[in-house]
Amino acid sequence: MVKPHLRHYCVVGRETPSEKNPEPTVYKYEVFAPNFVVAKSRFWRMMRDKNKVKSTHGDVLSCKVVKDRKLAARNYSVDIAYYSQRCGYTHMVKEFRDVCKAGAVSQAYHDLASRHRARYCNVEVLGVKSIPNHQVKRLSIAEYHASNLSFPLLHRRVKAPRKD
Numbered sequence: 001m002v003k004p005h006l007r008h009y010c011v012v013g014r015e016t017p018s019e020k021n022p023e024p025t026v027y028k029y030e031v032f033a034p035n036f037v038v039a040k041s042r043f044w045r046m047m048r049d050k051n052k053v054k055s056t057h058g059d060v061l062s063c064k065v066v067k068d069r070k071l072a073a074r075n076y077s078v079d080i081a082y083y084s085q086r087c088g089y090t091h092m093v094k095e096f097r098d099v100c101k102a103g104a105v106s107q108a109y110h111d112l113a114s115r116h117r118a119r120y121c122n123v124e125v126l127g128v129k130s131i132p133n134h135q136v137k138r139l140s141i142a143e144y145h146a147s148n149l150s151f152p153l154l155h156r157r158v159k160a161p162r163k164d
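Numbering of the sequence shown is given in full-length UniProt numbering, commencing with residue 1 and proceeding in unit increments.
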């Protein structure tokens with residue numbers, strides 16, 4: 001398994017308090033980014049698009065890396081929207097098998113780059129959730145749930161006896 005190139009950040013921010021709005025609403029977004037600078041940039045992009053708050057009129061209260069508790073392989077459903085010049089905005093749900101959310105999202109970015117020529121800046125992760133085995137729809141993921149699953153060791157060489 002390849003180490004994910006993205007990290008899972010939880011960014012909390014709000015609009016700067018003013019006389020008009022002395023107690024602004026606090027917003028929390030989960031962002032997948034390579035470092036905290038890009039995570040804050042993605043956070044402000046979402047705030048601008050969804051809540052009409054620009055970074056010049058707002059504050060980031062915290063930006064923390066989220067760690068997964070258990071390192072066991074799970075099935076993840078990644079809800080994605082991406083923009084392409086050929087067909088505009090496209091929404092899709094993809095399934096991946098990984099040990100953490102950041103790994104599944106990294107796989108999703110690599111998959112979109114290879115299959116759809118979607119760049120990192122044009123992809124928005126709408127949601128990531130862990131799904132049980134019976135809800136998996138993709139055959140490439142469901143084949144790992146077979147009861148007779150085995151990984152045979154191919155091309156094993158028998159060592160020659162030592163001459164002592």
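A virtual CB, placed ideally from N, CA and C, is assigned to each residue, including glycine.
Asked                                                                                                                                                 : Found
At a cut of 8 Å, does the stretch 101-109 reach the stretch 2-15 through at least three beta carbon pairs?                                            : yes
Tell me the rounded alpha-carbon separation between residue 137 and residue 9.                                                                        : 28 Å
Just mark residue 127 as buried or exposed, buried being the case when its beta carbon has 16 or more other beta carbons within 10 Å.                 : exposed
Between the C-alpha atoms of residue 46 and residue 125, what's the straight-line distance to the nearest angstrom?                                   : 11 Å
Identify whether residue 151 lies in helix, strand or coil by the three-state DSSP scheme.                                                            : coil
So the candidates are 146, 50 and 112; which of them puts its Cα closest to the Cα of residue 167?                                                    : With the chain covering only 1 through 164, there is no way to say anything about residue 167.
For residue 25 and residue 58, which I take to be in contact (beta-carbon distance under 8 Å), what is that distance rounded to the nearest angstrom? : 11 Å between Cβ atoms; not a contact.
Starting from the Cα of residue 65, find the closest Cα among 150, 30 and 156 and give me that residue.                                               : 30
Hey, residue 43 and residue 78: beta-carbon distance below 8 Å or not?                                                                                : no
Does the distance from the C-beta atom of residue 98 to that of residue 73 stay below 8 Å?                                                            : yes
Pick helix, strand or coil for residue 143, following the three-state DSSP scheme.                                                                    : helix
So, residue 116 versus residue 76, is the Cβ gap smaller than 8 Å?                                                                                    : no
Give the single residue among 149, 129, 61 and 41 whose Cα lies nearest to the Cα of residue 120.                                                     : 41
Starting from residue 105, follow the alpha helix (DSSP H) in both directions and report where the run begins and ends.                               : 101-116
State the Cα-Cα distance for the pair residue 122 and residue 84, rounded to the nearest angstrom.                                                    : 8 Å
Starting from residue 97 and walking both ways along the beta strand (DSSP E), at which residues does that stretch end?                               : 88-98
Just the Cα atoms here: how many angstroms apart are residue 39 and residue 60?                                                                       : 11 Å
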